[in-house]
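Asker: Going line by line, the protein sequences match chains A and B. Okay, so the first sequence: first residue is -16 according to the numbering used here, each after it adds one. Okay, so the second sequence: first residue is -16 according to the numbering used here, each after it adds one. For each residue, glycine too, the CB sits at the ideal point set by N, CA and C.
Number of protein chains: 2
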Amino acid sequence: MTSGKLLVTGAWIDRARLESLERLGLRLRRPSHVLTEEELEHELKGAVAYLHGGEERATAAALLSAKETLKVVAFVGVGYESFVDVAAADDLDIVVTSTPGAARDSVATFTVAQIINTNWQIVQQLGNRYPDWDNPDELPHELSARKIGIVGMGTIGTRIAEILRQAFGAKVGYYSRTRKEILEKELDLEYQPLRELVAWSDILVVMVPGNEKTKYMIDAGILAEARKGTILINTARPSVVDPEALYTSMEEGRISLAVFDGFYPKDSEAAARLLEDFGGRLLVTGHIASHTREAMDRMVNQAVRSIENVLNGLTDPYAVGARSDRLPEARESSP
Amino acid sequence: MTSGKLLVTGAWIDRARLESLERLGLRLRRPSHVLTEEELEHELKGAVAYLHGGEERATAAALLSAKETLKVVAFVGVGYESFVDVAAADDLDIVVTSTPGAARDSVATFTVAQIINTNWQIVQQLGNRYPDWDNPDELPHELSARKIGIVGMGTIGTRIAEILRQAFGAKVGYYSRTRKEILEKELDLEYQPLRELVAWSDILVVMVPGNEKTKYMIDAGILAEARKGTILINTARPSVVDPEALYTSMEEGRISLAVFDGFYPKDSEAAARLLEDFGGRLLVTGHIASHTREAMDRMVNQAVRSIENVLNGLTDPYAVGARSDRLPEARESSP
Chain A
-16 MTSGKLLVTG AWIDRARLES LERLGLRLRR PSHVLTEEEL EHELKGAVAY
34 LHGGEERATA AALLSAKETL KVVAFVGVGY ESFVDVAAAD DLDIVVTSTP
84 GAARDSVATF TVAQIINTNW QIVQQLGNRY PDWDNPDELP HELSARKIGI
134 VGMGTIGTRI AEILRQAFGA KVGYYSRTRK EILEKELDLE YQPLRELVAW
184 SDILVVMVPG NEKTKYMIDA GILAEARKGT ILINTARPSV VDPEALYTSM
234 EEGRISLAVF DGFYPKDSEA AARLLEDFGG RLLVTGHIAS HTREAMDRMV
284 NQAVRSIENV LNGLTDPYAV GARSDRLPEA RESSP
Chain B
-16 MTSGKLLVTG AWIDRARLES LERLGLRLRR PSHVLTEEEL EHELKGAVAY
34 LHGGEERATA AALLSAKETL KVVAFVGVGY ESFVDVAAAD DLDIVVTSTP
84 GAARDSVATF TVAQIINTNW QIVQQLGNRY PDWDNPDELP HELSARKIGI
134 VGMGTIGTRI AEILRQAFGA KVGYYSRTRK EILEKELDLE YQPLRELVAW
184 SDILVVMVPG NEKTKYMIDA GILAEARKGT ILINTARPSV VDPEALYTSM
234 EEGRISLAVF DGFYPKDSEA AARLLEDFGG RLLVTGHIAS HTREAMDRMV
284 NQAVRSIENV LNGLTDPYAV GARSDRLPEA RESSP
């Protein structure tokens, strides 16, 4: 039996899913609003476990306030780097976990729909009761005649490649930090260096984790390789694509249409210019790809299991930071 | 060698694809505009073959004017019933052919995207930079947790079922005039009578040919079986769904969203009311699902081969009407 406080943030989390932790002897504490750093410091005092499903920032100071008791911060989702100071947690011997893979099918399915939407220009065609019959050159290609480049071949990238190859017969190329030779053979994928992949692709799909290393990975130099009319699908974090570079490439017509699920910060001037000047060529949704009930349930269940593992003294497969025993590539399953 | 006139309508058809017919000895005649009935009568005089890729109506009178010479009318597409008087052609011993199957992958891919679009409400979410985090009950389900009912299990319906089962793991039920027991086992599909299927489905996909028999097949009685919030995807011909019945079911909330690729005639009052009162819940495109370059090429090639077959005295597998040697079900590959 474990005693002590369990802090759970995120009002959307169903209490029934926390029962196994309560049965362990943990006392549930659920604040009802987004905590400030000061409030979080207060709430964390005496906590042994912290299930992070909210919008608060677990800073070094907040973690420090719980250093005597806190064993584990289980982040619900994959973008933990913006919400938890993992380096500080490592120093304090607090395990941080995340929930990679839980939203794989949701994000892959959403991304495939956006690929088809942009290929047929379905959104732009809505409300046109009669197509333009006189312009056969404007007709879309079948997916089997499209070259689709995937940047990042983690859990979600792999799922997207599977669907595109197996269900639609598209030609799929990819770039990844490490080659996946078994997968290449299995799915008949073509590995290409990033610049070559961008030049090759009719449709470019970005699916790498959002972090400091991938920030503006798709920059002006990379986008300059794109042929005219290339479609860009970014259902990873927006920060992977440099918005200034995207502006230029949309102005030049290299990028004809761009998809984002989640967009740049509201105060970003580059983002505002993109929306103002190319709004009709941008399909922006608010980070909804991963937000299905099943994916969210899976994330919470996975976070709960991680807490159980850590409190039971087991190694958790989803630990991040210094405690991660996995290759970075294996965690490449953002957003 | 065959001599005589080959009438080709549809300005979009690439001349290179007609070369094999010219090599047969046929003289190509390509009017540049949509022909009236009178003009068609004139153009058909002396023609031995007629490749119908345009918008003109091959009426009994027009066909009669060519009865001495005309052997074959090859319709490019599947909705020939609105464009060629097949009964009159049968009486005159003129073979009529169509091009089923050619647009299978295009229509299936487009339909799958619209299923995902409506499931996530992607179109409605466009421009919302931040999702509504407080409403977990509003979250979409993963496709693997959705029951998708397909009405019509012809070439395209089968392809849609394959993609939904194999790529996305959705639960798929179907209704068809004849059961497909092998397919049921292969894909783990559930056959259900039409009313039961409608009541069972979260998402109902209509994929039957548009003709007199299927007109308003989805009527008030059928739609009354739908549970609240059912999504209706009609990428077959609009006439398969009774617009008055659809209006009532959208008013009642049984149908929450409806997709059409091609809509009712512009002078339809029921259609105007649907657009006016439920425009935001209707995703209407102008019959674009089948219009990819590859599908159009395939259709023209198939029509050319049908003409060759008939002129060479062979039985054509794509003959329709009295000359069809196929079961009606096998041709169920609209739109």
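1. Whole angstroms are fine: how far does the CA of A/Y230 sit from the CA of B/R264?
2. For A/L1, does the three-state DSSP call read helix, strand or coil?
3. Classify A/L297 as buried or exposed, calling it buried when 16 or more other Cβ atoms lie within 10 Å of its own Cβ.
4. For B/R256, count neighbouring C-beta atoms within 10 Å of its own C-beta (all shown protein chains included) and say buried if the count is 16 or more, exposed if not.
5. For B/H35 and chain A, any beta-carbon pair shorter than 8 Å?
6. Just how far apart, CA to CA, sit A/E24 and A/V78?
7. Between B/L126 and B/G156, how many whole angstroms is the CB-CB distance? I'm expecting something under 8 Å.
8. What does the alpha-carbon distance come out to for the pair B/W116 and A/T92?
9. On a CA-only basis, which of A/S(-14), A/R142, A/V(-9) is nearest A/V59? Give me that one, please.
10. Sort out for me which residues DSSP pairs A/H35 with in a bridge.
11. So, does the CB of A/F151 fall closer than 8 Å to a CB anywhere in chain B?
12. Tell me which same chain residues have a C-beta within less than 7 Å of the C-beta of B/I143, skipping the five on either side of it?
13. Is A/T197 closer than 8 Å to A/A272 when the C-beta atoms are compared?
14. Could you list the residues in the region 281 to 300 of chain B with a C-beta less than 7 Å from some C-beta on chain A, going in chain order?
15. Starting from A/D260, follow the alpha helix (DSSP H) in both directions and report where the run begins and ends.
16. Whole angstroms is fine: what's the gap from A/M282's alpha carbon to A/T82's?
17. Rounded to the nearest angstrom, how far is the Cβ of B/L(-11) from that of B/L11, given a contact under 8 Å?
18. Using the beta-carbon of each residue, which ones in chain B are nearer than 7 Å to A/P123?
19. Given this structure, state the Cα-to-Cα distance separating A/E39 from B/A85, to the nearest angstrom.
20. Inspect the beta-carbon positions of B/H274 and A/L122 and report whether they are closer than 8 Å.
21. For chain A, find out if any of its Cβ atoms is closer than 8 Å to the Cβ of B/N194; answer yes or no.
22. Quick check on A/F246 - is its C-beta less than 8 Å from some C-beta in chain B?
23. So, is A/T161 buried or exposed, given that buried needs 16 or more other C-beta atoms within 10 angstroms?
24. Could you pull the start and end residues of the beta strand (DSSP E) that A/F246 belongs to?
25. In three-state terms, what does DSSP make of B/S222?
26. Who are the near neighbours of A/Q104 in its chain, counting only those whose CB is closer than 8 Å to its CB and skipping five residues on each side?
27. Examine chain B for any beta-carbon lying closer than 8 Å to the beta-carbon of A/D88, and answer yes or no.
28. With the cut-off set at 8 Å, would you say B/F261 and B/P221 are in Cβ contact?
29. With H, G and I counted as helix, E and B as strand and the rest as coil, what does DSSP make of A/K168?
30. In the structure shown, what three-state DSSP assignment does A/I186 receive?
31. Verify the CB distance criterion: does A/W183 have a CB-CB separation below 8 Å to chain B?
32. Measure the CB-CB distance between B/Q108 and A/T268 and report whether it falls below 8 Å.
33. By how many angstroms is the C-alpha of B/T52 removed from the C-alpha of B/V31?
34. Per DSSP, what kind of secondary structure is B/V283 in: helix, strand or coil?
35. Could you tell me the alpha carbon to alpha carbon distance between A/N102 and B/R112, rounded to whole angstroms?
Answerer: Short version:
1. 32 Å
2. helix
3. exposed
4. exposed
5. no
6. Going from the Cα of A/E24 to the Cα of A/V78 covers about 17 Å.
7. At roughly 14 Å, the Cβ-Cβ gap does not stay under 8 Å, so B/L126 and B/G156 are not in contact.
8. In this predicted model, B/W116 has a pLDDT of only 49, less than 50, meaning its place in the structure is not dependable; the value taken from the coordinates is given anyway. Using only the alpha carbons, I get a separation of about 21 Å.
9. A/V(-9)
10. A/T(-8), A/F58
11. Interface criterion met: the Cβ of A/F151 is under 8 Å from a Cβ in chain B.
12. A91, T94, V95, I133, V188, M190
13. no
14. none
15. 252 to 261
16. 6 Å
17. 5 Å
18. T275
19. 54 Å
20. The answer is yes: Cβ separation under 8 Å.
21. B/N194 has a beta carbon lying at 8 Å or more from every beta carbon in chain A.
22. yes
23. exposed
24. Here A/F246 belongs to no beta strand (DSSP E), and DSSP marks it neither H nor E.
25. helix
26. P123, L240
27. Look at A/D88: its C-beta is under 8 Å from a C-beta on chain B.
28. no
29. helix
30. strand
31. no
32. yes
33. 5 Å
34. helix
35. 23 Å
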